[in-house]
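A quick write-up on the structure given underneath.
Number of protein chains: 6
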Amino acid sequence: MFRDVGLGKLIAKALEEDVGHGDVTTSAILTGDERGTARAVAKEDMIIAGIDVFKEVFLSVDSDISFHTDCHDGTTVKKGAILAEISGAIRNILTAERVALNFFQRLCGIATLTQKYVEAVKGTGAKIIDTRKTTPGLRDLEKYAVKMGGGFNHRFGLDGGVLIKDNHISAAGGITSAVRGVRNTIPLTMRIEVEVNDLEEVEEALASGVDIIMLDNMKPEEMRKAVLHINGRAIVEASGNVTLGRVRQIAETGVDYISVGALTHSAPAADISLNITMV
Amino acid sequence: MFRDVGLGKLIAKALEEDVGHGDVTTSAILTGDERGTARAVAKEDMIIAGIDVFKEVFLSVDSDISFHTDCHDGTTVKKGAILAEISGAIRNILTAERVALNFFQRLCGIATLTQKYVEAVKGTGAKIIDTRKTTPGLRDLEKYAVKMGGGFNHRFGLDGGVLIKDNHISAAGGITSAVRGVRNTIPLTMRIEVEVNDLEEVEEALASGVDIIMLDNMKPEEMRKAVLHINGRAIVEASGNVTLGRVRQIAETGVDYISVGALTHSAPAADISLNITMV
Amino acid sequence: MFRDVGLGKLIAKALEEDVGHGDVTTSAILTGDERGTARAVAKEDMIIAGIDVFKEVFLSVDSDISFHTDCHDGTTVKKGAILAEISGAIRNILTAERVALNFFQRLCGIATLTQKYVEAVKGTGAKIIDTRKTTPGLRDLEKYAVKMGGGFNHRFGLDGGVLIKDNHISAAGGITSAVRGVRNTIPLTMRIEVEVNDLEEVEEALASGVDIIMLDNMKPEEMRKAVLHINGRAIVEASGNVTLGRVRQIAETGVDYISVGALTHSAPAADISLNITMV
Amino acid sequence: MFRDVGLGKLIAKALEEDVGHGDVTTSAILTGDERGTARAVAKEDMIIAGIDVFKEVFLSVDSDISFHTDCHDGTTVKKGAILAEISGAIRNILTAERVALNFFQRLCGIATLTQKYVEAVKGTGAKIIDTRKTTPGLRDLEKYAVKMGGGFNHRFGLDGGVLIKDNHISAAGGITSAVRGVRNTIPLTMRIEVEVNDLEEVEEALASGVDIIMLDNMKPEEMRKAVLHINGRAIVEASGNVTLGRVRQIAETGVDYISVGALTHSAPAADISLNITMV
Amino acid sequence: MFRDVGLGKLIAKALEEDVGHGDVTTSAILTGDERGTARAVAKEDMIIAGIDVFKEVFLSVDSDISFHTDCHDGTTVKKGAILAEISGAIRNILTAERVALNFFQRLCGIATLTQKYVEAVKGTGAKIIDTRKTTPGLRDLEKYAVKMGGGFNHRFGLDGGVLIKDNHISAAGGITSAVRGVRNTIPLTMRIEVEVNDLEEVEEALASGVDIIMLDNMKPEEMRKAVLHINGRAIVEASGNVTLGRVRQIAETGVDYISVGALTHSAPAADISLNITMV
Amino acid sequence: MFRDVGLGKLIAKALEEDVGHGDVTTSAILTGDERGTARAVAKEDMIIAGIDVFKEVFLSVDSDISFHTDCHDGTTVKKGAILAEISGAIRNILTAERVALNFFQRLCGIATLTQKYVEAVKGTGAKIIDTRKTTPGLRDLEKYAVKMGGGFNHRFGLDGGVLIKDNHISAAGGITSAVRGVRNTIPLTMRIEVEVNDLEEVEEALASGVDIIMLDNMKPEEMRKAVLHINGRAIVEASGNVTLGRVRQIAETGVDYISVGALTHSAPAADISLNITMV
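These protein sequence lines map, in sequence, to chains A, B, C, D, E and F.
Note that the first sequence covers residues 1 to 279 in our numbering.
Note that the second sequence covers residues 1001 to 1279 in our numbering.
Note that the third sequence covers residues 2001 to 2279 in our numbering.
Note that the fourth sequence covers residues 3001 to 3279 in our numbering.
Note that the fifth sequence covers residues 4001 to 4279 in our numbering.
Note that the sixth sequence covers residues 5001 to 5279 in our numbering.
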């Protein structure tokens, strides 16, 4: 099950944003006594991610709502599948509906897009990995959705790992001097990754003892050469404008990881709707 | 200029999420004295939205950073255009970079997609309008971006207007009885909108004196008939699975507004990068 | 039942403000095992508002407290009536007492004052409506109390409706130009209201197509003329230094709404006390 | 000058409450370039309290606003007096106006009412003192306003002093046993006050060594006897349904302090308006 | 039982600080279904303080965890004693463990050190009292721990009592003038304490009618003279570089209270460990 | 310079905790116009850490205070050294004093204690490293202080690195199976550390390919054997009841890191005082 110490606060904020001074329509029309059941239905094939978040939104509005699901995060569902049944006071289900779907559709959308990339590189040994190009406020949820789609996680944030980029390198006056001081300043538990642009830099990175080498915007042939040269002495990540069309070609160069910003910054929402039946 | 009382807090949250215990890479390599200039470059044609948010992120990290731009929200820029120049301590520019871009790319993405819909209905008189299908925590910014793309705003949240949907109607036992009690419960400043599915319901909605009628998932021919029948006695909004491919056909039915969830829930991020030069 | 997504936080803040580092008196004298029942008693006739808020404060301090009431918001109670019985650990009842009463007495006070205005205009067709002159932090609760007293709500805040005042008009260079641009900038669900000072401005407001006309500080005869002239083409609100003594005269001019700042900014607290019996 | 570590947050909350998703009227009509001056005018005689809070609200919205005043908290102003001049972007002045006035009118209202009680007991030696019957969230400001009106402060909250009431006494089995344990549990810096109902209890309170004796709802003659009997061995506070009509009679009994809940729970707002001139 | 309105928030903050984006180790290895029991064991003799805080951390992570203890705050336990048994999902127990111990070890450490000072002055009549030299964010808990160790509390904060120090005195131009204005500005429930450096100042303090006199950094002989001179006319507190070695000598001078900053700023953590058994 | 996105909030919280409803002593005695200079003086030899935090507290209370220092974090100062000069309104300096010192004394205390451990292992090649046994709320500051004392940082929190402890191992059924699944679940940038108790487990850990091996509570001879056996194939950390007396013996076994909980959970505050001169 997904667990996140900040989830309750995040949902509360989202509800405040949407409900504000109150759900005027629902308060005006419903007495609060009407009961019913809402069914969340997949309107297209998708990978599920965030079913617990979906549930938590309803329970945050009304802890007496009963929520039933047979869905599990990380599994595929077909168009038409019933993802969950939510029963209780219709008034509160209606108030929670939009926020609950806004979270859930986004997370399923990310998992579904991730899975397409994962499928595209199937059999190559390459892994799809996310970036920090996430929606402000939703990083943990979005990175979780990437994992549910079969992807892997890069660092959670700037405090979660060392990634030395071109600007760091030029500020330090070269890869060697950039890497040199780092190990003694960072937490013991971190690996060091460095971004390189050509084979010469690959060589310098290896010599400086980094753990991970990121091949940035290289052509496939060059990547292949880099992978051969590195030969297991460091983990290899490919990065830069990766699309569904290009990803297999990159994967076949032998890199270990391919990072894809689009997983989180450009995934379309999964199509899910809520059908309510009164009782 | 864009103004939002909660913007400072939103940016602070986003920085906390990304920076956490500190930017370990930058702290390890840069002394803090290195200065330089970063140029934000459009990597594709786009509509600008959120240039002030972009600026605020840098200033939140370091109020001594100088930010210069000739861009204005709501205008089109071409691939290659320089959107802003940010000068100051490179260390702080690097720490702010990702969060600043995460906001800005998303908002420009929304404005750019909105503008495509607006173009598609040009000349018809129909207006493109957003929904509540926004990213949790970012609603105000996203709705602002829709306006910058030439779209219009529906209500900000559940407290900002009455929208009587099918579930409200069935709970109340019909459109007439649903609408009846509403006027005296809601703030004086609100209009009342009701969702209808066919011409019979259009008639009932008109009779009950609503201000706006939403034609939900109707076929174009039916919409045309509804528009003719309503004949200016209420504002008409079309809703339901609107795509770029279908939107013109809907617009030509004569509806006043067409609401599009995809504007905010499925807009791909605009491609913007930051190039840094040390001095 | 009253519902507000921010209520829990509001009560927590109020308890922090009052309890701070701890209720030193109660901690010093009571062991925590003493149990008893507190009865909230009306010390004067009043309209009830906020019985759920009153309850929530006790439950926020101690979720094991049992709270019983036969009261309903919006009903009149007589002096001497028992409004609620609160049973449980006396220590916690004593700690919650003052904050609970501070909320409840204020809300009942507002409902009671509102009802006096409502009574005063009985039979005229005019409705009593509130303003934004509320206590910082308590707006939603206070506007709710106005409704419980038989009044109506104006907009919740600056984001909840358009009210074009004299300063907006002079900045725009007249009513016509002020109103012109507004419709296309605001959310679809909002009405437009404009403040006018004389019949000439009434005419201009009507011509510009506003939904609501506020007659500001006009004399009754003038108001009557304005109402006749408007003749149903816009909703009419009277505003400005309305007192219990003057309100009927204003109502008899035929206006639809009369806004009264005093409902929320000058209502005396209702007199309620808590009598505790140990067991 | 008034200083409060939480003031910034309190004002931010109040602005969020009022402005929410944005001031739609002002944004629609004003470009942001219009400049002008607003004058705050007293519409009745009053005691000033909270001029700094008034100022801070404007500066919180726009730090470029210039605020000038010759007013000092605690002084009397006459009807018609100009309390402050606020110059800058009219758009931002309009957005801040209502929240600024809501704070300021309330605080001046409290100071003005307090001063009436202070005048009423002039020459008797009795001091007017506040209670914990304050508006949730505004206690510090309201207690400050009481001081500006010439009143005195009772404890800030439950953590600020010991006040042993009838329920504490009956739980402990008498005044003597209630007081006994208290001294060793509370912070060194606190006095102990006990509530009594008759002369017998006065005697017991004195014997138990309390610092302050509160005469609760006693008749004037009895109070006089109590004061004579106490004879300086403890401070004497009178409490219970004190009105402007009764307060002098109570003061003449010789009590040291008279606590008045109405100062904070029932003070009508002072009448202040803002007149704006464009430039 | 210990009660603190802000405790929930404090624990949530501490968990956010430690858990952040998630407990990666535990999530990777445990399924969430493993159950077991953790025993908290005292690794040295100690005074217990904060057993409820310890419990609350586990329950904050997982409200289904069952927590059993026979320990009571304020009692002594021997090395090897089992302080609590915590049963439930091991995953959640492991996630909560460190934060729970960080609170508990600190509070027991403070109580244990306090008790050493209390023992050292046994029989002298002097009481050990804390200061404001507490850890930022933990004041209430730390002052509670001092009480559990047999110590007493000085004021909770700057708003909880008057302590006139040398700088206040020199600003006012002497003790007499410093004390003069204070009584009428502060809440009725506060005592006044003044810091003095020699017998002359003691005399001036007495004459000005203060409640408590703090002898600051005086030599024992001088303290003894001061105590004799004061002779019960004020409470006497000794302060300044008090160590376990010196405290008895100070106590024997006859002072009422001895304040010790080290209780809270330099107490070593008590040694407690958690042993987990799977089932 | 030290930088932390959450520092402002942390200081604000600490000030709220101490100042609460206001500094009653200072407000009562000082007018606010008195100006002066405070000198922070080291009362013993110490390592400086947190001079920027110390400064920020004063500036948070009053941004007009001028703060001058020649101190740098990480350097040694002698007893009597002047650490900083703070000039401005004495009233505000007095209000900030205690909170500023509470932070600063704690951080210098940690740096000073750390440095003693660092000195003790000088020449051995072993590094002193911290743990998660920090004060709730102060982790980043305390870990920073450890670095200023010459120590190194272990992970920031549960989300910052994998540390597989005995409970994880028994839950997984052995080191091999515990480690197996981990790599694919955690962020790419993390190392894996495992805790072992004997040489057999060392062997199993090496075979499973971990990056760091923690020797938990082993005897020095055993540690030496483990180090020889590991022979550079993994980083070696020693852990468990490390004291100043034992640390050198441990260091001489050849381990790379020695973790010491006492650095943060039991460091006595450094002795620093503030002397104020009025002008």
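Just so it is clear, CB atoms sit at the ideal spot from N, CA and C, and this is done for glycine as well.
Since this is a predicted model, take the numbers as computed values, not measurements.
*At least three beta-carbon pairs within less than 8 angstroms, the segment 199-213 of chain A to the segment 229-238 of chain A*: Flag = yes, the segment 199-213 of chain A and the segment 229-238 of chain A touch.
*Below 6 angstroms CB to CB, which residues in the same chain sit around V2099 of chain C once its five sequence neighbours on both sides are set aside?*
So the qualifying residues of the chain are A2014, L2015, D2018, V2057.
*Buried or exposed for V4279 of chain E, please, with buried defined as at least 16 other CB atoms from any protein chain shown within 10 angstroms of its CB.*
V4279 of chain E is exposed by the Cβ-count criterion.
*Bridge partners - T1037 of chain B, DSSP secondary structure assignment*: According to DSSP, which records beta bridges pairwise, T1037 of chain B is partnered with B:S1087, B:T1277.
*Of all the CB atoms in chain F, is at least one closer than 7 angstroms to the CB of P268 of chain A?*
P268 of chain A does not count as touching chain F.
_Whole-angstrom C-beta distance between L1188 of chain B and H2154 of chain C, which should lie under 8 angstroms_ = Rounded, the Cβ-Cβ distance is 5 angstroms, consistent with contact.
*So S3239 of chain D is in the beta strand (DSSP E); what residue range does that whole segment cover?*
Per DSSP, S3239 of chain D belongs to the beta strand (DSSP E) from 3235-3239.
*Contacts that P3187 of chain D makes with chain E (C-beta to C-beta distance below 7 angstroms)*: By Cβ distance, chain E contributes N4153, H4154, R4155, F4156, G4160, G4161.
_Boundaries (first-last residue) of the alpha helix (DSSP H) holding M5214 of chain F_ = Run containing M5214 of chain F: none in the alpha helix (DSSP H); it sits in the beta strand (DSSP E), 5212-5216.
*Hey, is H5300 of chain F's beta-carbon within less than 7 angstroms of any beta-carbon in chain D?*
Missing from the structure shown is residue 5300 of chain F; chain F here goes from 5001 to 5279 and no further.
*To which residues does DSSP link Y1117 of chain B through a beta bridge?*
Beta-bridge pairing links Y1117 of chain B to no other residue.
_Short CB-CB distance (under 7 angstroms) between D2140 of chain C and chain A_ = It does; some Cβ of chain A falls within 7 angstroms.
*asked:* Does any residue of chain B have a CB that is nearer than 7 angstroms to the CB of R2191 of chain C?
replied: Yes, R2191 of chain C counts as interfacial toward chain B.
*Quick one: is K2009 of chain C buried, meaning 16 or more other Cβ sit within 10 Å of its Cβ, or exposed?*
The residue in question, K2009 of chain C, is exposed, as its Cβ has fewer than 16 Cβ neighbours within 10 Å.
_Residues sharing a beta bridge with H2068 of chain C, DSSP_ = Note: H2068 of chain C sits in a beta bridge opposite C:E2085.
*If we ignore side chains and look at the alpha-carbon of each, how far apart do T5114 of chain F and M5214 of chain F end up?*
Approximately 20 angstroms, taken between the alpha carbons.
*Do A2038 of chain C and L2107 of chain C have their C-beta atoms closer together than 7 angstroms?*
With respect to L2107 of chain C, A2038 of chain C sits apart: the two C-beta atoms are not nearer than 7 angstroms.
*Determine the DSSP secondary structure at S4208 of chain E, reduced to helix, strand or coil.*
Here S4208 of chain E sits in coil by DSSP.
*Taking one C-beta from the segment 3145-3152 of chain D and one from the segment 2024-2033 of chain C each time, how about it: are there three or more such pairs within less than 8 angstroms?*
No contact exists between the segment 3145-3152 of chain D and the segment 2024-2033 of chain C.
*Interface residues of chain B around Y2280 of chain C at Cβ under 7 angstroms?*
Nothing can be reported for residue 2280 of chain C: it is not among the residues displayed for chain C, which extend from 2001 to 2279.
*Looking only at C-alpha atoms, which of B:F1054, B:D1198, B:S1208 sits nearest to D1216 of chain B?*
The option with the nearest alpha carbon to D1216 of chain B is B:D1198.
*Just tell me which of E:E4193, E:D4070, E:G4173 has its CA closest to the CA of I3953 of chain E.*
Lying outside 4001 to 4279, the shown extent of chain E, residue 3953 of chain E is not represented and no answer is given.
*asked:* What would DSSP say about V56 of chain A, mapped onto helix, strand or coil?
replied: According to the sequence displayed, residue 56 of chain A carries Glu and not Val. In the structure shown, E56 of chain A sits in a helix (DSSP, three-state: H, G or I).
*Segment contact flag, the segment 3130-3142 of chain D with the segment 2133-2143 of chain C, C-beta cutoff 8 angstroms, min 3 pairs*: Contact between the segment 3130-3142 of chain D and the segment 2133-2143 of chain C is present, because at least three Cβ pairs lie under 8 angstroms.
*So, using beta-carbon positions, are V976 of chain B and A1096 of chain B closer together than 7 angstroms?*
With chain B covering only 1001 through 1279, there is no way to say anything about residue 976 of chain B.
*What number of angstroms, rounded off, separates the C-alpha of M1 of chain A from the C-alpha of A4089 of chain E?*
Any answer about M1 of chain A is weak, because its pLDDT of 33 lies below 50 and its placement is not dependable; what the coordinates show is given next. If you take the alpha carbons of M1 of chain A and A4089 of chain E, they lie about 13 angstroms apart.
*Taking Cβ to Cβ, would you say H5021 of chain F is nearer than 7 angstroms to F3104 of chain D?*
Cβ atoms of H5021 of chain F and F3104 of chain D: not closer than 7 angstroms.
_Is it buried or exposed, D3070 of chain D, if we count other Cβ atoms within 10 angstroms and call 16 or more buried?_
Per the 10 Å Cβ criterion, exposed.
*With 7 angstroms as the threshold, decide whether the Cβ of H3168 of chain D is near any Cβ in chain B.*
Not closer than 7 angstroms to any Cβ of chain B, the Cβ of H3168 of chain D fails to qualify, so no.
*Neighbourhood of A4178 of chain E by C-beta distance below 6 angstroms, restricted to the same chain and skipping five residues each side*: Taken in chain order, the residues that qualify are I4164, H4168, I4169, A4172.
*Once you ignore the five residues that flank L3244 of chain D on each side, which residues in its own chain have a CB closer than 7 angstroms to its CB?*
K3116, Y3117, A3120, listed in sequence order.
*asked:* Going by DSSP in three states, V5196 of chain F sits in which element: helix, strand or coil?
replied: Residue state, collapsed to three classes: strand.
*Along chain F, in chain order, which residues have C-beta atoms closer than 9 angstroms to that of V4019 of chain E?*
Neighbours of V4019 of chain E on chain F, chain order: G5157, L5158, D5159.
*When the Cα of G4268 of chain E is compared with those of E:E4142, E:A4084, E:G4150, which residue comes out closest?*
First, the residue type needs correcting, since residue 4268 of chain E is Pro and not Gly in the sequence shown. The shortest C-alpha to C-alpha distance from P4268 of chain E to any of E:E4142, E:A4084, E:G4150 is the one to E:E4142.
*Beta carbon of N1190 of chain B, beta carbon of V1162 of chain B: below 7 angstroms?*
The question names Asn, yet the displayed sequence has Met at residue 1190 of chain B. For the 7 angstroms CB-CB criterion, M1190 of chain B and V1162 of chain B form a contact.
*Own chain residues within Cβ distance below 8 angstroms of R3003 of chain D, not counting five before or after*: For R3003 of chain D, the pLDDT reaches just 46, beneath the cut-off of 50, and the residue's location in the model is therefore unreliable, leaving the point undetermined.
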